[in-house]
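Reviewing the structure listed below.
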Amino acid sequence: MSMKLEDAFVELFGKNSSRDFSVTYGRLRGYNARVRMTPLTIDFQCSKAWRGVSPEIQKGLFQVLLSRLFKHPGKTLHMDLYHNFIRSLPRVAPKTHNHPVLEGSFQRVNAAFFAGLMDQPNLRLGKGINRLGTYEYATDTLKISGILLEHPELMDYVMYHELLHKKHQYKAGARRHTHHSAAFRTDEARFPRAAELEKELERLVRQEKSLLSWW
Ligand SMILES: [Zn+2]
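Sequential numbering of the sequence shown, starting at 187, is according to the working numbering.
Written out as structure tokens, the structure reads:
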């Protein structure tokens with residue numbers, strides 16, 4: 187593999203690296219990966235899932251990480267392969283989870299805001315109070331907290347927010363950490379009574395927390 191890593195570097199920068207390369211697989215979740223540089227080495231850490239991905243796409247991954255590491259705005263065929271691969275993940279992720287109430291909410295929101303064009307993700311009920319909703323891109327899994335089960339309008343609002351993550355999350359070259367972009371916030375504000383619903387959500391969370399501490 188170290189030969190491949192060297193190739194990835196040379197293809198991107200047009201010269202050899204003075205450092206040695208290594209790659210390890212494990213620990214990280216989903217399709218996460220990162221790179222670390224020391225004075226003598228450049229070390230890639232990839233999730234287990236990457237082990238099964240074709241070397242061509244992995245090469246693109248290494249180049250994307252290298253181009254971020256060195257703030258080098260390069261583009262290669264392999265990087266394109268990588269971006270296409272990541273973009274395809276929600277579509278190819280197995281659909282194994284559903285929940286009738288969440289599905290009802292998904293269908294309302296999909297019809298009202300996405301012209302019915304959004305593919306249904308895995309839908310799961312979450313247990314937390316602090317996280318009312320989450321969306322995980324690689325497994326196409328949307329979770330909504332059980333405390334919203336009795337509040338269809340609030341549930342739809344959170345469902346909409348999480349589906350916007352599905353819509354916005356992946357942009358080639360975008361940093362992983364830009365979570366709520368300006369475009370995201372603009373979309374989010376299209377939900378009727380968004381500001382009021384935010385306040386209602388805060389109230390509901392406070393109420394649930396005080397119930398917990400009372401018991
Ligand atoms: Zn969010």
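Glycine is no exception: its CB is placed at the ideal position from the N, C-alpha and C atoms.
Quantities reported herein were computed from a predicted structural model and do not represent experimental measurements.
F199 to P378, Cα distance in whole Å? The alpha-carbon of F199 is positioned some 49 Å away from that of P378.
What does a CB cutoff of less than 6 Å around V221 pick up in its chain, not counting 5 residues either side in sequence? Answer for V221: F230, L251, L255, listed in chain order.
Below 8 Å on the Cβ atoms is my guess for H226 versus R205; work out the distance and round it to an integer in Å. The residue you asked about is not His; residue 226 is Leu in the sequence shown. The Cβ separation is near 6 Å, so the contact holds.
By DSSP's criteria, Y323 is part of a beta bridge. Which residues make up the other side? Bridge partners of Y323: none, in fact.
Check S204 in the structure and name its three-state DSSP category. Here DSSP, grouped into helix, strand and coil, assigns S204 to coil.
Identity of the residue in Q249, Q355, E388, K385 nearest R273 by Cα: Minimum Cα distance to R273 is reached at Q355.
Here's the rule: buried if 16 or more other CB atoms are within 10 angstroms of the residue's CB, otherwise exposed. What is L397? exposed
Given a cut-off of 9 Å, decide if K352 and P276 are closer than it, judged by their beta-carbon atoms. Going by beta carbons, P276 and K352 fall inside the 9 Å limit.
Along the alpha helix (DSSP H) that carries D305, what are the first and last residues, could you check? Counted as a single uninterrupted DSSP element, the stretch harbouring D305 is not any alpha helix (DSSP H), since DSSP gives it neither H nor E.
Can you look up F230 in the DSSP assignment and give me helix, strand or coil? strand
Looking at H162 and ligand 1, is the gap between the Cβ and the nearest heavy atom below 8 Å? No answer is possible for residue 162: it lies beyond the span of the chain, which begins at 187 and ends at 401.
What does the alpha-carbon distance come out to for the pair N407 and F195? Since the first residue shown for the chain is 187 and the last is 401, residue 407 is missing from the structure and cannot be characterised.
What residues in its chain sit with their C-beta under 7 Å from that of E242, if we drop five residues either side in the sequence? H264, L267
Starting from R294, trace the alpha helix (DSSP H) both ways and give me its first and last residue. 286–299
Return the CA-CA distance between Y346 and V295, expressed in angstroms with no decimal places. 6 Å
Apart from the five residues on each side of it in sequence, which residues of its chain come closer than 6 Å, Cβ to Cβ, to D373? L350
Comparing C-alpha positions only, which one of I228, S291, K395, A219 sits nearest to Q244? A219
Which value, in whole angstroms, describes the spacing of the CA atoms of R207 and R371? The amino acid at residue 207 is misidentified as Arg; the sequence shows Phe. If I take the Cα positions, the gap works out to 40 Å.
Would the beta-carbon of Q306 fall within 9 Å of that of E289? yes
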